[in-house]
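Protein chains in written order, with this note's numbering: chain A, 3 to 106; chain B, 1364 to 1865.
Don't be surprised by glycine CBs; every beta carbon is placed ideally from N, CA and C.
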């Protein structure tokens, strides 16, 4: 197993996930998809935390941080989706452009 | 007497543990129909008074012993910054609760408001006590989640929902960036403890600079640094007025302090971030003031003025960062406390008018600038408090805002660095510009004919007068005795940046 170096792959994956997340956040207008894009970004961060723990030679640290982030991040996703449900009820749409009523 | 450690634990835990209890008791008692009004507000008031009592106990003990709490690998340290930030949060929270007991009365889900408020204050206290990078993130996220829910509290109003989702998306993207920054720092140093980390850093490299940049952006969303400030005017203007007070008075500042604590570690290896902070300070002042000038809604104007005020606070901290002048961070903390007081009072007085003019009549309309016309004759106390608050924000002597703004400007000026002097002149011009939107508000209340909304307004409830008078008095007193709270902000200013070389 050790013949394959895993770390470059993980770091490439971190960059991919982050890139996809940020790109999706910028282009998408559907609220559910925005929450998904946020999730993808945080998943990239999770992978980075685990990889960092391994790089620093402290695997436990990285994994315990990752577990905590999963919990905290789920709460944010739940709040986001709950807001999405309310927005759907009141605006009849999930399109971010059409709910933007507040002036700049 | 209880042991110091127990008191410290209780101070952090009490508001958090009390939050679900406030919700449960409020809900059960109200549902059972035994009480006419929901008791949740009074419960929150008692909890916060107890917390304030614990704080006083710790403050007295602090003179003889150091406050450290170690659970597992996580250290909580009750340093001077903690004392200042926690009392600001608790005191402002007390004012918010007193004000909200009438403001939020009979709102559906009233008990949720107080439970979330209590949890919010608890997470700010925790945030200011932690010295561990990841723990800082966890408290930061806890504070963020409670504020999302509070901003979107009116779950049937479109504007409230929109601002809630805007805030959530921007802030959550920011926290993901902070996590990447944490990963970079851990990969480099292998530790999360901020003090240990500073010892491990020896030379700047690309990874560390990238991490610092990520922290700047990630925490900057919460602290409303200018390109990342777009959530702020919506969230501040759509939230219940009590929450606008909390957001503007302490939540954005807590984000700022978290950012400074982390970036302070990087001072060990690079001085790049100081000038960046000063750049953000200038941008914040300019954009905040210019945008505030063209607002027609009172709370939205005050929100943009918060963006500008963050600029003044950042000017002080940036000076301390760049040139290692401890006076910079001391005066910045002075202005931070003052800002909590002034902006809290301004939002509260605006809230009183919203309550008496609209909410009492069952309308959730926004308070326009024109609605203020002639308010002084019918609501003398609210109008006077509002005038004191906005004139202090504009920096008129002898109010407290003048003292702290002058302190920030003078410390920056006395570095005698030509760039800093230019920046001070720019900031002073900005302060004059800000009077361009503050002064007309006072003029409208005192000199114009009463508007339609004022004529139909309901009388002001008695309980709202108490926090108004308290805060207005404190602003005037602090103007005459600016060193009144110096035991809090001088140690905090020395304490916040241990590696700045003062």
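By the CB criterion at 8 Å, residue 1393 of chain B and residue 1478 of chain B fall outside the cutoff. At a cut-off of 8 Å, the C-beta of residue 101 of chain A has a neighbouring C-beta in chain B. Considering only B/1371, B/1434, B/1398, B/1401, the residue with the shortest C-alpha distance to residue 1413 of chain B is B/1371. In the DSSP assignment, residue 1633 of chain B falls outside any beta strand (DSSP E) and carries neither an H nor an E. At a Cβ-Cβ threshold of 8 Å, residue 1500 of chain B and residue 1433 of chain B do not count as neighbours. Residue contact with chain B for residue 32 of chain A: absent (no Cβ-Cβ distance below 8 Å to any residue of chain B).
Chain A places a beta carbon closer than 8 Å to that of residue 1545 of chain B, counting this residue as a contact. DSSP places residue 1432 of chain B in the uninterrupted beta strand (DSSP E) bounded by 1431-1434.
Burial of residue 1418 of chain B is indicated by the presence of at least 16 other C-beta atoms within 10 angstroms of its C-beta. For residue 1772 of chain B, the number of other beta carbons within 10 angstroms of its own is at least 16, and it is reported as buried. Judged by DSSP in its simplified three-state form, residue 1733 of chain B adopts helix. With respect to the 8 Å criterion, residue 1588 of chain B and residue 1643 of chain B are classified as neighbours on the basis of their beta carbons.
Neighbours of residue 1511 of chain B in chain A, taken as residues whose beta carbon is under 7 Å from its own, are 81 in chain order.
When secondary structure is reduced to three states using DSSP, residue 1688 of chain B falls in the coil class, being assigned neither helix nor strand. Under DSSP, the beta-bridge partners assigned to residue 1493 of chain B are B/1439. Unbroken alpha helix (DSSP H) runs of no fewer than 4 residues, entirely contained in the segment 1743-1773 of chain B, are found at 1743-1757, following chain order. The secondary-structure analysis by DSSP pairs residue 97 of chain A across a beta bridge with A/32. Here the alpha carbons of residue 1791 of chain B and residue 1673 of chain B stand approximately 15 Å from one another.
At a Cβ-Cβ threshold of 8 Å, residue 1510 of chain B and residue 1482 of chain B do not count as neighbours.
Counting other Cβ atoms within 10 Å of its Cβ, residue 1830 of chain B reaches 16 or more and is therefore classed as buried. Residue 1556 of chain B is bridged by DSSP to B/1495. Contact between residue 1616 of chain B and residue 1699 of chain B holds: CB atoms are separated by about 5 Å, below the 8 Å threshold. For residue 1428 of chain B, the secondary structure class from DSSP, reduced to helix, strand or coil, is coil. About 11 Å separates the beta carbons of residue 40 of chain A and residue 1528 of chain B, which is beyond the 8 Å limit, so they are not a contact pair. Taking 8 Å as the CB threshold, residue 65 of chain A stays off the interface with chain B. Bounds of the alpha helix (DSSP H) holding residue 1606 of chain B are 1604-1609. The contact set of residue 59 of chain A on chain B, defined by CB atoms closer than 9 Å, consists of 1553 in chain order. Using a C-beta cut-off of 8 Å, the segment 1577-1584 of chain B makes no contact with the segment 74-89 of chain A, since fewer than three inter-stretch Cβ pairs fall below that distance. Nearest in C-alpha terms to residue 1602 of chain B, of all of B/1521, B/1623, B/1555, B/1571, is B/1521.
A straight line joining the alpha-carbon of residue 1380 of chain B with that of residue 1686 of chain B spans about 42 Å. Here residue 1806 of chain B is exposed, its C-beta having fewer than 16 other C-beta atoms within 10 Å. Residue 1598 of chain B and residue 23 of chain A have their C-alpha atoms spaced approximately 24 Å apart. A distance of 8 Å or more separates the beta carbons of residue 1679 of chain B and residue 1641 of chain B.
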